[in-house]
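Oh and the sequence shown: position 182 is 556 in the working numbering, straight run, nothing missing. Note that the Cβ used here is the ideal one computed from N, Cα and C, for glycine as well. Worksheet: one structure, shown below.
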Amino acid sequence: MLATFVIGLREGLEAALVVGIVAAFLRQRGEVRAVRYVWMGVLAAVVLCAGAALALQAYSQGLPQRQQEQLETVVGLVAVAMVTYMIFWMTRHARSMKGDLERAADTALASGSSWALVAMAFLAVLREGLETSVFLLATFQNSRDNAQGALGAALGVVLAVALGYGIYRGGVKLNLTRLFRATGVLLVVVAAGIVMGAAHTAYEAGWLLAGQQQVLDLSALVEPGTVRAALLQGVLGWQPRPTLAEVLGWVVYAVPMLLVVLWPRARRTAGERAPQPVSA
């Protein structure tokens, strides 16, 4: 549940920030009609993402077992690639996100086009929604309790929407650099667990035959129904008896990505402004 909560919060928050900042900027400029168009774009993107998620889930359930394992491997690796790109991008752009969006919105208004702002909100929600669908599907494949996973994701999205609305109304200020660093650490750990799961399904699919000797026995720790089991399996993605390929996959992904997230950013030049919290 914690893993899917983090996914729902992090992915939902990125979309909510874009929409909240753009909508607040339009509201401040008195562009009421454009704000309504932005909400319409958001609704259309949500509907498309929900349809894509249901279609992918239905397609995977109708496949033979071996092909299901192959699809799970591909989905897991695609999810990891998506979250890796997102972490790199947010690490570089979290500081300047609000200013960049407001400049883009100002340029669109100056050219007399509100549709560019609608497209900005639509594409932000569509991109994050599709990423969330793939990432959650990969996480559910490693989970034993999809109901709790779905609840965690829903709670994360609800909190993200609430924060986005708070930014829109002007009552919430966020330090994006610190927020995305904290959630980035959790996402790296979750993604490393998906890498471990992909190594397992790749073996079941007949794609990965090397490194299948068992190297650890965590069965004493991973007891069904315990907090330790929920942490190790639900968040970290570890299985009771991981193989060498699975452990290597986890370590090779997690260690360098944690360094990327936690490594101190280079000092700003003398002329660079200090980062400001996001607010409307």
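- Here Tyr542 is not near Val392, since their CB atoms are 9 Å or more apart.
- Here Val625 is exposed. Its C-beta has fewer than 16 other C-beta atoms within 10 Å.
- In this structure Leu417 is not in contact with Leu537, their Cβ atoms being roughly 19 Å apart against a cut-off of 8 Å.
- Within 10 angstroms of the beta-carbon of Gln613 lie 16 or more other beta-carbons, which makes it buried.
- Membership of Glu405 in any alpha helix (DSSP H) is not indicated, and neither H nor E is assigned to it by DSSP.
- Relative to the Cα of Glu505, the nearest Cα in the group Gly571, Gly415, Ala389 belongs to Ala389.
- In terms of Cα proximity to Gly567, the closest of Leu422, Arg410, Ala619, Val635 is Ala619.
- Counting along the chain, Ala579 sits inside no alpha helix (DSSP H), nor does DSSP assign it H or E at all.
- Between Val508 and Ala419, the beta carbon gap of about 15 Å keeps them out of contact (Cβ cut-off 8 Å).
- Note that the C-beta distance between Leu491 and Leu595 is not below 9 Å.
- Gly436 and Thr551 have their C-alpha atoms roughly 42 Å apart.
- The count of Cβ pairs closer than 8 Å, one atom from the segment 525 to 540 and one from the segment 444 to 455, stays below three, leaving the stretches out of contact.
- Per DSSP, Pro630 is one residue of the alpha helix (DSSP H) stretching across 618 to 636.
- When rounded, the separation of the alpha-carbon atoms in Gly404 and Gly425 is 34 Å.
- Residue nearest to Leu475 within the set Met464, Tyr459, Met494 is Met494 (criterion: CA-CA distance).
- Secondary structure of Gln431 (DSSP, three-state): helix.
- Annotation for Asp480: Phe399 place their beta carbon closer than 8 Å to its own, counting only its chain and skipping 5 residues before and after.
- Bridge pairing for Gln588: Thr617 [DSSP].
- Rounded to the nearest angstrom, the gap between the Cα atoms of Gly585 and Val409 is 55 Å.
- Going by C-alpha positions, Val562 is about 30 Å away from Ala478.
- Between Pro630 and Leu590, the gap from beta carbon to beta carbon reaches 9 Å or more.
- In the three-state DSSP reduction, Ala493 falls in the helix class (H, G or I).
- With at least 16 other beta carbons inside 10 angstroms of its own, Val635 counts as buried.
- At the C-beta level, Thr447 and Gly558 stay beyond 9 Å of one another.
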